[in-house]
Amino acid sequence: MPIEYVGKNAAPQLINIWLDAFSGDSRESIIDFFDFALNPETCAVWVEDGRPVSMVFTLPAVLKTATGTNALNLRYVYAAATLSPYRGRGLFSRLLEQVHKGLESNGVDACFLHPASPGLFKYYERLGYQTYFYTNETTQSAQDFLHGACNTNECPGLKFDIDGVGAAARRNLILSGHPAWVEWPDKLVNYAVKLAVSTGGAAVTGDGFWALCEPYQNTLFIKEWLCRPELENALKCAVSSMFKFDYLTVRQPVLQAGDTKKEFGMVCLLTKKAERLFAKTKNYAPYMGLAFD
1 MPIEYVGKNA APQLINIWLD AFSGDSRESI IDFFDFALNP ETCAVWVEDG
51 RPVSMVFTLP AVLKTATGTN ALNLRYVYAA ATLSPYRGRG LFSRLLEQVH
101 KGLESNGVDA CFLHPASPGL FKYYERLGYQ TYFYTNETTQ SAQDFLHGAC
151 NTNECPGLKF DIDGVGAAAR RNLILSGHPA WVEWPDKLVN YAVKLAVSTG
201 GAAVTGDGFW ALCEPYQNTL FIKEWLCRPE LENALKCAVS SMFKFDYLTV
251 RQPVLQAGDT KKEFGMVCLL TKKAERLFAK TKNYAPYMGL AFD
């Protein structure tokens, strides 16, 4: 069977697949990801002509609920890519099908992913995925963002987190009351922070707040904004003091009626346990958050 699970020895070939599919990424950033994520438990490839030509990573995560019960064992499908000459032959779909079977036999309840473009939602539907995760994503001017916020640069317990230490715990605590959400391992939260910092951004964290920020020209992209209501204005001021921007886009959970509700992530259910829990929670705008995009 042309599917294999590979480790660090396959890195040179996987870098070629990655750069062929995601040409905007740097070789350094790929190697950095491989350093902690590339191993036979997380990376599967399809082999043709004696070499890997399609790959997928399946990274561990947990679906949590507000009740604290019925947590699901998840795997995040990431860096799915196929070399250009081998596309259009269904190799990736066969690779993913075999990966699903292997994960199910090892006690994984569901796989999930963030389609890189709207058109890919239809593609993954054909592979057994369904939309489940949503986000409240808005774009506004800096003036509108700061309207009504305090005129101070102070934020209680403010910390500009560069290395991500403690960030995962803060994130989990803020999200603990959400009906359904993804808890990421510390190393993946730290990886998200490192990605943000590499672009000139930062994670602004403290007790009760977490904002993962990436600047781009005159726009600030806040990939995840989590905050207790009483700290909202102070966090806005802290972010505006660190970054100068004319516009910003903010992703955060759907918390109440009237919030924008954007399709964000999909799931492929592998077990009956997953089917039961997803049926109970799908109407509560489950939150995935980080996508490492």
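Residue numbers (my numbering): 1 to 293. Ideal Cβ positions, reconstructed from N, Cα and C, are used throughout, including at glycine. Predicted model only: the values in this text are computed from it and were never measured.
- Closest in alpha carbon position to Leu277, among Asp35, Val53, Ala71 and Met55, is Ala71.
- Scanning Ser23, Phe92, Phe36 and Leu38 for the CA closest to the CA of Glu48 turns up Phe92.
- Less than 7 Å separates the beta-carbon of Leu248 from that of Leu220.
- Restricting attention to beta strand (DSSP E) runs no shorter than 3 residues, the region 41-86 encloses them at 43-48, 51-65 and 72-82, ordered along the chain.
- The region 8-21 makes contact with the region 36-46, as at least three CB pairs between them are under 8 Å.
- Ala66 and Pro286 have their C-alpha atoms roughly 11 Å apart.
- For Val182, the enclosing beta strand (DSSP E) stretches over residues Ala180 to Glu183.
- Counting C-beta pairs with one atom in each stretch, the region 70-90 and the region 194-208 have fewer than three that are closer than 8 Å, which means they do not touch.
- Residue burial is scored here from C-beta neighbours: His178 has at least 16 other C-beta atoms within 10 angstroms and is therefore classed as buried.
- Counted as a single uninterrupted DSSP element, the alpha helix (DSSP H) harbouring Val189 occupies residues Asp186 to Ser198.
- Here Trp18 really is in contact with Ala81; their C-beta atoms are around 6 Å apart, less than 8 Å.
- Taking one beta carbon from each stretch, the region 267-284 and the region 181-198 have fewer than 3 pairs nearer than 8 Å; the two do not touch.
- Asp109 counts as buried, since no fewer than 16 other beta carbons sit within 10 angstroms of its beta carbon.
- For Ala203, no alpha helix (DSSP H) segment is defined; the enclosing uninterrupted segment is the beta strand (DSSP E) at Ala202 to Gly206.
- DSSP, reduced to helix, strand and coil, places Leu96 within a helical segment of the structure shown.
- A Cβ-Cβ contact shorter than 7 Å links Leu290 with Ala192.
- Note on geometry: alpha-carbon atoms of Lys262 and Asp186 lie some 26 Å from one another.
- According to the DSSP assignment, Ser176 belongs to no alpha helix (DSSP H), since it is labelled neither H nor E.
- Counted as a single uninterrupted DSSP element, the alpha helix (DSSP H) harbouring Tyr124 occupies residues Leu120 to Arg126.
- The alpha carbon of Gln130 has as its nearest neighbour, out of Thr138, Leu120 and Asn136, the alpha carbon of Leu120.
- Here Phe243 is buried: its Cβ has 16 or more other Cβ atoms, across all protein chains shown, within 10 Å.
- The Cβ atoms of Asp246 and Asn218 sit closer than 7 Å to each other.
- Taking 8 Å as the upper bound for CB-CB distance, His100 and Cys268 are in contact here, some 6 Å apart.
- With contacts defined as CB atoms closer than 7 Å, Val239 and Ala211 qualify as a contacting pair.
- Counted as a single uninterrupted DSSP element, the alpha helix (DSSP H) harbouring Gln13 occupies residues Ala11 to Ala21.
- The alpha-carbon separation between Phe36 and Ala61 amounts to approximately 15 Å.
- Under the three-state reduction of DSSP output, Gln217 falls in the coil class, being neither helix nor strand.
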